[in-house]
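The opening residue of the sequence shown carries number -2 in my numbering; numbering runs sequentially from there. Even for Gly, the Cβ is constructed at its ideal location relative to N, Cα and C. Everything below concerns the one structure shown next.
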Amino acid sequence: MRISLLFVILFGTLMFWQSTQGQNIAFPEVEIRKPLAMDIEYEIMRADTYLNEIRQAMSMQSLNLNSELKSAAQAHANYLIANDEVSHNETQGRHYFTGTKLANRTAYAGFFSAQASENLSTQHYDGKESVNGLLSAIYHRFGFLSPNIDLLGVGATQSDTDSQKSAFVYVMGNDGLNDLCKQKSFASSGRYVYKVCANDKHRIQESIYNKIVAKSKKNNPKIILYPYDGEEEVPPAFYQESPDPLPQYEVSGFPISIEFNDYFFKEVHVLSFRLYTQEGKEIHNVLLMDKASDPHQRFTSHQYALFPLERLDYQQKYKAQVLYETAGKEHSITWNFTTVQVMDIFHTVSTREAQLTLDTNKNHFIYFRPEDPHDIIQNIHFPTDIGIQFVDNHSIQLTFLPKDKKSFDITSETRRLHIELK
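Okay, structure coming up:
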């Protein structure tokens, strides 16, 4: 038996913030505001803690830190930034090379099992942001929320010469399988599995292997829902992932997923998957994805995802409902989640040119509603004395407005927002 592994990459959505000295957007000199230097060890700890908080809220088994997986993750993060790459593979001879494939790199780090999975994100600058971005991307999400894993190693780094370049790498594994690979190779008669250890000739008795795999699954919920029931501060949007489950969309809504733990479900069929607003209005512009319709054939027969094809709203409570059939009987499950709450004064801009009047004594949140699935706000220009924070590729926070300024423009490749101050 040989196990296929899931490797997925998340590219952080990046908006270049360019600050003009005046209101003329053709001004020849611009200041590109780059991210500050990361506190690497703190962000690694933050990512690990946050991911485990989510799994615990879902009643899933926590992921214990493993030093070998951490070493493999950190080495690959270093490799990506040093060589300006975004890949799960490495090329021999390049800086920080430790192995062509993940199994080579975990073996180099001293991990005995060859069964490991890897998520990575780039252009994220804090651990929580990185994890949230990966959870918004469906293939990454199933990797983080797998019932098969109980070990984790996190690595992160940032370029010394260009702070925009950063990488978080997560390597997951199973402690029981790692222990089996440390033991003596099975040499008796009977069924066995192989090519699951760093030493690909190492044999494990099939019944023992299956018992260890079942143990991990048994310690996790029967049904894995995300966003989980009652979750708050859920991001409203999904942008991009590699491979991309929605290649025809550059922006869509946060996907809702359900996985049936195959320890408890032999066969299962989803009959309907619906999403409703707090007022009970069903959202019809959605796409249901399963193993048959997954364009990259990454889903298992027990994984389903509902993609809203437009961004979800901020500050909205949603209800998801799934009707499924198993063992000849129909069952239903309903759960709720709430998207990000905005504490600042909220403004929605729905046209390419618009005007707002803002109070300089307040903080303001501006959401540029996408006109279509390809409408991404890029290369924003604004005066240097304005305090702006990036939220996502359609949302910004104005954190400082000078009282001596009467007006200014915020412009991008496709938008112009004129702001009057009072």
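Whole-Å CB distance - residue i paired with residue j, under 8 Å assumed
i, j, result
"Gln375", "Gln338", "The Cβ separation is near 26 Å, so there is no contact."
"Gln37", "Thr119", "First, the amino acid is wrong: residue 37 is Ile here, not Gln. Not confirmed; about 15 Å, so no contact."
"Asn390", "Ile363", "Actually they are not in contact, since the Cβ atoms of Asn390 and Ile363 sit about 13 Å apart, beyond 8 Å."
"Ala113", "Leu66", "7 Å"
"Leu306", "Tyr246", "7 Å"
"Ser347", "Ala302", "That pair is no contact at about 28 Å."
"Arg102", "Tyr223", "Their Cβ separation, rounded to whole angstroms, is 28 Å, which puts Arg102 and Tyr223 out of contact at 8 Å."
"Ala104", "Ser68", "Incorrect: roughly 11 Å between the Cβ atoms, too far for contact."
Spatial neighbours of residue i in its chain, beta-carbon cut-off 6 Å, leaving aside the 5 residues before and after
i, result
"Asp123", "Glu40"
"Ser182", "His199 and Arg200"
"Ile342", "Lys359 and His361"
"Val190", "Met(-2), Ile201, Glu203 and Tyr206"
"Lys214", "Pro144, Asn258 and Tyr260"
Contacting residues, own chain, Cβ-Cβ under 7 Å from residue i (five flanking each side not counted)
i, result
"Asn432", "Here the chain comprises residues numbered -2 to 419, so residue 432 is not present and cannot be evaluated."
"Thr354", "Glu417 and Lys419"
"Phe257", "Ile220, Val265 and His299"
"Arg43", "Asp123, Gly124 and Lys125"
"Cys194", "Phe109, Ser110, Ala111 and Cys178"
"Gln71", "Gly152"
"Pro233", "Gly250, Phe251, Arg308, Leu309, Asp310, Tyr311, Thr336 and Val337"
"Asn129", "Pro232"
"Gly277", "none"
"Thr345", "Tyr364 and Arg366"
"Lys316", "Tyr273, Thr331 and Asn333"
Selection from the options that minimises the alpha carbon distance to residue i
i, options, result
"Asp159", "Ser114, Ile201, Leu309 and Asn80", "Asn80"
"Gln386", "Pro399, Thr411, Asn360 and Asp369", "Asn360"
"Gln294", "Gln275, Gly277, Pro242 and Ser329", "Pro242"
"Ser249", "Gln237, Met57, Asp259 and Gly325", "Gln237"
"Asn282", "Asp369, Phe296 and Phe261", "Asp369"
"Ala100", "Arg413, Phe365, Val168 and Asn207", "Val168"
"Lys31", "His121, Ser56 and Tyr136", "His121"
"Tyr225", "Lys314, Thr396 and Lys98", "Lys314"
"Trp332", "Thr274, Ile377, Thr95 and Arg102", "Thr274"
"Asn175", "Phe379, Ser84, Tyr206 and Ser186", "Tyr206"
"Glu350", "Asp356, Ala317 and Ser409", "Ser409"
"Asp291", "Ala324, Leu142 and Pro244", "Pro244"
"Ser127", "Asp287, Thr411 and Thr46", "Thr46"
"His371", "Phe235, Leu395 and Lys288", "Phe235"
"Lys402", "Ile383, Gln394, Leu395 and Val166", "Ile383"
"Leu142", "Phe165, Ala164 and Asn116", "Asn116"
Status (buried if at least 16 other CB within 10 Å, exposed otherwise) for residue i
i, result
"Asn196", "exposed"
"Arg91", "exposed"
"Thr381", "exposed"
"Ser268", "Per the sequence shown, residue 268 should be read as Leu rather than Ser. Leu268 is exposed by the Cβ-count criterion."
"Ala211", "exposed"
"Pro144", "buried"
"Glu279", "exposed"
"Arg412", "buried"
"Ser392", "buried"
"Ser186", "exposed"
"Thr378", "Note that residue 378 corresponds to His in the displayed sequence, not to Thr. Buried."
"Arg188", "exposed"
Start and end residues, alpha helix (DSSP H) containing residue i
i, result
"Gly325", "Note, Gly325: premise wrong, no alpha helix (DSSP H); not H, not E."
"Met55", "It is not in any alpha helix (DSSP H) - Met55 carries neither H nor E in the DSSP assignment."
"Val128", "Gly124 to Ser133"
"Gly173", "Asp172 to Lys179"
"Tyr76", "Ser64 to Ala79"
Enclosing beta strand (DSSP E) for residue i [first to last residue]
i, result
"Gly150", "Leu148 to Gln155"
"Arg200", "First-last for Arg200: undefined, no H or E at that position."
"Tyr223", "Ile220 to Tyr223"
"Phe362", "His361 to Phe365"
"Arg102", "Premise fails: Arg102 lies in the alpha helix (DSSP H), Leu99 to Tyr105, not in any beta strand (DSSP E)."
"Thr119", "Ala113 to Thr119"
"Val267", "His266 to Thr274"
9 Å Cβ cutoff, residue i in contact with chain C
i, result
"Glu126", "Absent from the structure: chain C. Only one protein chain is present."
Beta-carbon proximity list for residue i, same chain, < 8 Å, skipping 5 on both sides
i, result
"Lys162", "Ile78, Asp81, Thr119, Gln120, Gln155 and Ser156"
"Tyr76", "Glu82, Glu87, Arg91, His92, Tyr93, Phe94 and Thr95"
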